[in-house]
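Its first residue numbered 986, the sequence shown is counted upward by one per residue in this note's numbering.
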Amino acid sequence: MAPGPLSLIIIGIVALLIFGPKKLPELGKAFGSSLREFKNATKGLADDDEDDKKVDTAKKNDLDKKDEHK
986 MAPGPLSLII IGIVALLIFG PKKLPELGKA FGSSLREFKN ATKGLADDDE DDKKVDTAKK
1046 NDLDKKDEHK
């Protein structure tokens, strides 16, 4: 269940009261950079998994070729 527009407004007002108008942009920037770094790290892990699958497939193909020559 996604939060509705009213609940997002309430969350924004509470955050503004807690952190103040000067601190909110800094928190948003820090959150954005953290999210970007996490996204890049997970993308790197996914790329590593794809590379591993390619290596495994290549090894299997090499073994199949060796079996054919016997």
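Every residue, glycine too, gets a C-beta built ideally from N, C-alpha and C.
Asked                                                                            : Found
Integer-rounded CB distance, given that Leu993 should sit under 8 Å from Phe1004 : The pair is not a contact, with the Cβ atoms about 16 Å apart (cut-off 8 Å).
Rounded separation between Asp1032 and Leu1002 - CA only                         : 42 Å
Supposed close pair Ala1000, Leu1009 - CB separation, criterion 8 Å              : 7 Å
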